[in-house]
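As structure tokens, the structure follows; a few thoughts come after it.
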Amino acid sequence: MAEKRTTLNNFAYRIIETFGIQAIQLIISIVLARLLIPENYGVVAIASTIVTILTSVVQSSFNAPLVQKRELTKIDLTSSFYVMLAIAGTLYFILFAGAPTIADVYGMPDLALVIRVLGLVLIIGSWNSIQMALVYRNLKFRASMLINVVGIIVQGIVGIGMAYKGFGVWSLVSSQITYQIVIGILYGIYNKWIPGICFSIQSIKDIWKIGIPLCGAELLTIVSSNVYPMIIGLRYTKAELGLYQKGNSVPTTIVNGVVTACSTVFFSMMSRVQDDYDNLKQLLRNGVAITSYLIVPIALGLLGISKDFITVVLGENWLNAIPLMQIACLTLSLYPLRIRTQAIKAIGKANQSFFTNAAYAAASNGLLLIFVFVSLRAAIFSMFLAEVVFAITTGFYISKDFGYTFDEQIRDVASSYISGALMAVIVLCVGEMFSAITLWSLLIKVLAGVVSYILISLIAKPKPVRLVLSYLRIGNR
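Residue numbers (the working numbering): 603 to 1079.
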């Protein structure tokens, strides 16, 4: 009972944080999209992708072990920080030197300076990674919520202010760096942790014993997920890359936020019961069911309103992003199944984690290299096919290691997909009632989707609804 209450409280804070942040980010994104042009997003998309991949190289072998390690000492934290800082500094030096070459490859002269400036996130991220690990390890999700909300608000003020003054691409770069600096300061104040004058090679060895195998798996996922802008940028124009970035980023930002919230909470909980497989399996099943219940209607609902959303909210500059956003939403509807990988990480099954991510990387990159020569839409559709491969591969290992059979996995998500599909059909039917796309038609379609999904849930009362009600009853005691 105490475990369920803890799960509910942590989950509530993470969901509030997620939706609060996503709402603020969405508003900021809309304002920036109206002030900027697709070409601006195309340049930043490539730079951000490179920095994201390198950030993963720096942090991925430390993040999970620092949360998962049974006994974490000050020496562990300090040693990890210094090693991450050294790796980040080395990679930044290489990135700084190679930026002009990258710019030449993409035929974007202004890309070099953007990469050099945005690359500073590597250095800042070494500090932030330790601070966030401490917060997640201690399940202090309320603090995380407040810190991230403040960070996003300051980021938005900087980005919008600079875009309004005509700084173009630099408004996007500056806002990203500002966010990292603000949350780094606030996390540091909250944790009251600073690195000491100590270092232990043995401590790093112990952390890497857990982290290196997981690092390979995480790197495969991140590279596969972020390689799209880099390859698309080689084949298509800056404007087309910008359309891809916006069409993909709007729904991905919202859905990824929910996935991250659910994954963080359930990974922390599963790590604490990693030796109790029965309890672990139950937490996993609950995580899959609840995550699918939250994400599927969001993804399919966004698919149903994508044309209205881009036309009314983003404006005419982005109309060609409509089909790209629709395909992205279809792919994102499978993201709830990703939470299953948290169980594999929680018990330290690095080999399984690596092989599932290797299958995803092979499918993702292979399909992209084929479809990118067909059309931009085909390239985006390859993401959906790769996600199907990842879902099946992960399901195999989960069934084998946890006794969580394919039949059980399908039953836990079936109601969410059926309800979400019915909701999407209702939204599309409501849209046929309007002769023109306006703000009112968009709002009515959103309202129709929300109301219909709630009504379907109340009538059918699927497993996720019963779980939430169960948690709420316990939380009120």
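Don't be surprised by glycine CBs; every beta carbon is placed ideally from N, CA and C.
When the Cα atoms are used, what is the spatial distance from residue i to residue j?
i, j, result
"A1016", "F1008", "12 Å"
"K1047", "T675", "53 Å"
"K1065", "Y895", "9 Å"
"A961", "T995", "7 Å"
"M1025", "P640", "32 Å"
"P899", "S935", "8 Å"
"L821", "G859", "19 Å"
"R1068", "F869", "22 Å"
"V794", "F983", "Sequence inspection shows Lys at residue 794; the Val mentioned does not correspond to that position. If I take the Cα positions, the gap works out to 46 Å."
"A965", "I799", "46 Å"
"I1061", "L902", "20 Å"
"I749", "I732", "15 Å"
"L634", "G1005", "48 Å"
"T680", "R744", "25 Å"
"R739", "D808", "17 Å"
"N922", "L845", "7 Å"
"L862", "L885", "The displayed chain sequence assigns Thr, not Leu, to residue 862. C-alpha separation (whole angstroms): 16 Å."
"S865", "Q782", "21 Å"
Please identify the residue among the options whose C-alpha is closest to the C-alpha of residue i.
i, options, result
"I787", "V659, L634 and G753", "G753"
"P938", "G763, G721 and D1014", "D1014"
"S1054", "M1035, I1039 and A1023", "A1023"
"I941", "G997, F911 and L970", "G997"
"G691", "G721, S1001 and F992", "G721"
"I907", "S865, L679, I639 and I1028", "I1028"
"G758", "M747, S773 and G768", "S773"
"V723", "R979, Q928 and I785", "I785"
"T823", "V991, Y766, Y738 and Y1006", "V991"
"T657", "S631, I689, I630 and S682", "I689"
"V653", "A625, Y838, S682 and G727", "G727"
"G917", "E1034, T839, N740 and K848", "K848"
"F975", "P899, I856 and G835", "G835"
"I632", "L1045, A701, F957 and V915", "V915"
"L882", "A863, W795 and I1000", "I1000"
"I806", "M927, E1034 and Y684", "Y684"
"G700", "A714, L687, D808 and Y708", "A714"
"L1030", "G1051, D808, A647 and Y792", "G1051"
"L904", "I655, L1045, A649 and V719", "L1045"
With H, G and I counted as helix, E and B as strand and the rest as coil, what does DSSP make of residue i?
i, result
"V1091", "With the chain represented from 603 up to 1079, any question about residue 1091 goes unanswered, as that position is not in the structure."
"F1036", "coil"
"E673", "coil"
"V1002", "First, the residue type needs correcting, since residue 1002 is Lys and not Val in the sequence shown. Residue state, collapsed to three classes: helix."
"Y838", "coil"
"S731", "helix"
"D880", "helix"
"N740", "coil"
"G770", "coil"
"C931", "helix"
"K1063", "coil"
"K794", "coil"
"M710", "coil"
"I749", "helix"
"C800", "coil"
"G700", "helix"
"I806", "helix"
"T943", "helix"
"I639", "coil"
Where do the N-terminal and C-terminal ends of the alpha helix (DSSP H) with residue i fall, by residue?
i, result
"A714", "L713 to L720"
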